[in-house]
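Novice: Per my numbering, the sequence shown runs over residues 13 to 355.
The C-beta atom is built at its ideal place from N, Cα and C for all residues, glycine as well.
Quick caveat, the model's predicted, so the values are computed rather than measured.
This structure is in structure tokens; I'll ask about it shortly.
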Amino acid sequence: MARRQDEEGEDVSETSALRVCSDVEEAVYLLTKRDAVHFDRAALIWKCSVPAKALIRTRFGESFVTTLSLSGNRLQDSDMVLLANALVHNNCLLDLTLSYNAIAELGSTLLAAALAANSHLRTLDLRHNRIGKDGITPWLGPTMRANHSLRELKLSHNAIGNTKAVELLESLSPKVLTEEEQLKALIANRRRDTTIQEDKALLNDDEPFNSTLTTLLLSDAGISDEAAPYIEHVLARTRSLTHLNLSCNAFTSAGGIAIARGLKQNSTLRYLNYRENKVEESAAVALLSALVAHSFVGTALFQDCFGGESAVGTALSQLTRTSRTLATLDLVSIPLSPSLRLP
Numbered sequence: 013m014a015r016r017q018d019e020e021g022e023d024v025s026e027t028s029a030l031r032v033c034s035d036v037e038e039a040v041y042l043l044t045k046r047d048a049v050h051f052d053r054a055a056l057i058w059k060c061s062v063p064a065k066a067l068i069r070t071r072f073g074e075s076f077v078t079t080l081s082l083s084g085n086r087l088q089d090s091d092m093v094l095l096a097n098a099l100v101h102n103n104c105l106l107d108l109t110l111s112y113n114a115i116a117e118l119g120s121t122l123l124a125a126a127l128a129a130n131s132h133l134r135t136l137d138l139r140h141n142r143i144g145k146d147g148i149t150p151w152l153g154p155t156m157r158a159n160h161s162l163r164e165l166k167l168s169h170n171a172i173g174n175t176k177a178v179e180l181l182e183s184l185s186p187k188v189l190t191e192e193e194q195l196k197a198l199i200a201n202r203r204r205d206t207t208i209q210e211d212k213a214l215l216n217d218d219e220p221f222n223s224t225l226t227t228l229l230l231s232d233a234g235i236s237d238e239a240a241p242y243i244e245h246v247l248a249r250t251r252s253l254t255h256l257n258l259s260c261n262a263f264t265s266a267g268g269i270a271i272a273r274g275l276k277q278n279s280t281l282r283y284l285n286y287r288e289n290k291v292e293e294s295a296a297v298a299l300l301s302a303l304v305a306h307s308f309v310g311t312a313l314f315q316d317c318f319g320g321e322s323a324v325g326t327a328l329s330q331l332t333r334t335s336r337t338l339a340t341l342d343l344v345s346i347p348l349s350p351s352l353r354l355p
């Protein structure tokens with residue numbers, strides 16, 4: 013069977029599941045089965061044919077299921093009560109997919125509380141739900157700052173907006189101090205150690221932050237230039253993030269330039285999706301030049317982002333000539349003239 017991919021580039025074909033559960037009885041049996049080796053090898057993925065409520069009401073905390081997908085099951089906030097309670101006590105589940113449902117404020121709040129206590133889940137997929145500005149709030153404080161197991165957080169196609177996106181980003185990096193706080197920190201540090209680096213005084217390392225997240229998907233999340241300086245800060249200061257999706261938002265040239273500054277200082281990012289964020293020539297050149305300086309990115313997606321000005325063509329040419337890691341470069345709908353064709 014041919015492989016199908018969604019807009020994030022992830023496999024959604026039927027063959028991606030090693031086993032498909034077809035009825036409730038089998039689901040109940042498998043969820044309560046105690047053969048850990050069997051489940052680890054099977055990496056079970058539940059399909060939409062299994063009623064979600066039946067799965068949730070099993071003794072989830074005693075199972076050895078490691079991967080659970082309830083995508084497209086029409087789950088609502090009320091369905092999250094039992095699932096969240098199970099997550100608090102479960103120490104086996106590693107990957108949970110809840111995409112394409114109707115989870116909103118209450119459901120998100122319940123999941124956030126559960127994840128603050130769960131120290132095993134690695135991947136949480138909440139794409140295409142109804143988690144708005146209020147629904148994302150519980151994730152921004154104790155959950156992301158206290159959780160050190162979650163590696164992938166997928167929030168694309170949830171209108172969280174700038175304010176909440178900023179709060180989320182702030183939980184992923186050391187806090188930037190105000191000028192007054194910076195001055196006090198510099199004075200205090202110099203009294204203790206005359207060799208202290210001044211840039212360390214610009215950050216507050218006393219407040220905990222999440223330093224384990226590797227994948228953050230924020231496509232079509234209702235964010236724009238207001239969040240860009242915080243994305244810059246995350247890129248410049250974190251050492252864990254490898255995959256970042258900012259596509260289909262409302263970043264302008266100002267936002268693109270800020271994000272480019274962060275990219276120049278980053279040494280971990282491998283995948284950047286910036287599709288459908290319209291920027292002018294200056295920002296396009298800044299982003300492409302940042303990738304020249306950043307020698308680690310393997311995939312850069314810029315579909316329908318900028319035009320084919322000569323400076324853009326020059327930056328693209330330099331990028332393709334000098335990068336040793338870039339394997340995928342998406343320039344769909346970018347009108348490069350024949351004279352600007354890449355080598």
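Taking the beta carbon of Asp-47 as the centre, do at least 16 other beta carbons fall within 10 Å, making it buried, or is it exposed?
Specialist: Here the model assigns Asp-47 a pLDDT of 43, short of 50, so the residue's position is not dependable, and the following value carries that caveat. Exposed is the call here.
Novice: Can you tell me which residues form a DSSP beta bridge with Glu-164?
Specialist: DSSP lists Thr-135 and Thr-227 as partners of Glu-164.
Novice: For the beta strand (DSSP E) holding Thr-109, just list the boundary residues, first then last.
Specialist: Residues 107-109.
Novice: In the DSSP assignment, the beta strand (DSSP E) including Thr-79 goes from what residue to what residue?
Specialist: Looking at the DSSP string, the run of the beta strand (DSSP E) that includes Thr-79 is 79-81.
Novice: Is the segment 293-306 touching the segment 231-244, taking contact as three or more C-beta pairs under 8 Å?
Specialist: Flag = no, the segment 293-306 and the segment 231-244 do not touch.
Novice: Taking buried to mean at least 16 other C-beta atoms within 10 Å of its own C-beta, is Leu-123 buried or exposed?
Specialist: By the neighbour-count rule (16 or more Cβ atoms within 10 Å), Leu-123 is buried.
Novice: Would you report the Cα separation of Ser-307 and Asn-97, rounded to the nearest angstrom?
Specialist: One C-alpha to the other measures close to 44 Å.
Novice: When you compare the CB positions of Arg-139 and Ser-111, do they come within less than 7 Å of one another, or not?
Specialist: The answer is yes: Cβ separation under 7 Å.
Novice: If contacts are defined as beta-carbon pairs under 8 Å, then Leu-313 and Asn-285 qualify, I think. What distance do you get, rounded to the angstrom?
Specialist: With 8 Å as the limit, Leu-313 and Asn-285 qualify as a contact, their Cβ atoms being about 5 Å apart.
Novice: Would you please state the rounded distance, in angstroms, between the beta carbons of Ser-236 and Gly-267? I believe it to be under 8 Å.
Specialist: Contact holds; Cβ gap of about 6 Å.
Novice: Please determine, among Ser-231, Glu-238 and Arg-251, the residue with the shortest C-alpha to C-alpha distance to Asn-222.
Specialist: Cα-wise, what sits closest to Asn-222 is Arg-251.
Novice: If contacts are defined as beta-carbon pairs under 8 Å, then Ser-168 and Leu-229 qualify, I think. What distance do you get, rounded to the angstrom?
Specialist: Their Cβ separation, rounded to whole angstroms, is 5 Å, which keeps Ser-168 and Leu-229 in contact under 8 Å.
Novice: Where does Tyr-242 sit, in a helix, a strand or coil, going by DSSP?
Specialist: Tyr-242 falls in the helix class under three-state DSSP.
Novice: Between Pro-186 and Gly-274, what straight-line distance do the alpha-carbon atoms span, to the nearest angstrom?
Specialist: Taking the straight line joining both Cα atoms gives about 14 Å.
Novice: Just how far apart, CA to CA, sit Asp-342 and Val-246?
Specialist: Approximately 24 Å between the Cα atoms of the pair.
Novice: Going by C-alpha to C-alpha distance, which of Ala-302, Ala-126 and Val-100 sits closest to Asn-278?
Specialist: It is Ala-302.
Novice: How about Asp-315 and Arg-287: are their beta carbons less than 7 Å apart?
Specialist: Checking the displayed sequence, the identity of residue 315 turns out to be Gln instead of Asp. Cβ atoms of Gln-315 and Arg-287: closer than 7 Å.
Novice: To the nearest angstrom, how far is it from the Cα of Leu-99 to the Cα of Leu-80?
Specialist: Those two C-alpha atoms are separated by around 12 Å.
Novice: Measuring straight from C-alpha to C-alpha, what distance separates Arg-134 and Thr-227?
Specialist: Cα to Cα, Arg-134 sits roughly 10 Å from Thr-227.
Novice: Given this structure, state the Cα-to-Cα distance separating Ala-116 from Leu-258, to the nearest angstrom.
Specialist: Cα-Cα distance, rounded: 21 Å.
Novice: Between which two residues does the beta strand (DSSP E) carrying Arg-257 extend?
Specialist: The sequence given here places Asn at residue 257; Arg does not occur at that position. First-last of the beta strand (DSSP E) with Asn-257: 255-257.
Novice: Just to confirm my understanding: we take Glu-164, look at its own chain, exclude 5 residues before and 5 after, and list those with CB closer than 6 Å. What are they?
Specialist: Closer than 6 Å at the Cβ level, and outside the excluded window around Glu-164, lie Thr-135 and Thr-227.
Novice: With burial defined as no fewer than 16 other Cβ atoms inside 10 Å of the residue's Cβ, what is the status of Ala-233: buried or exposed?
Specialist: So Ala-233 ends up on the buried side.
Novice: Write down the C-beta distance between Cys-260 and Val-291 rounded to the nearest angstrom, noting that I regard them as a contact closer than 8 Å.
Specialist: About 14 Å separates the two Cβ atoms, so there is no contact after all.
Novice: Going by other Cβ atoms of all chains shown within 10 Å of its Cβ, with 16 needed for buried, is Thr-149 buried or exposed?
Specialist: Buried is the call here.
Novice: Rounded to whole angstroms, what is the Cα-Cα separation between Asp-1 and Thr-340?
Specialist: Because the chain is modelled from 13 through 355, residue 1 falls outside the range shown and cannot be assessed.
Novice: Leaving out the 5 sequence neighbours to the left and right, which residues in its chain are closer than 6 Å to Ala-158 when beta-carbon positions are compared?
Specialist: Excluding positions up to five away in sequence, the list reads Ala-128.
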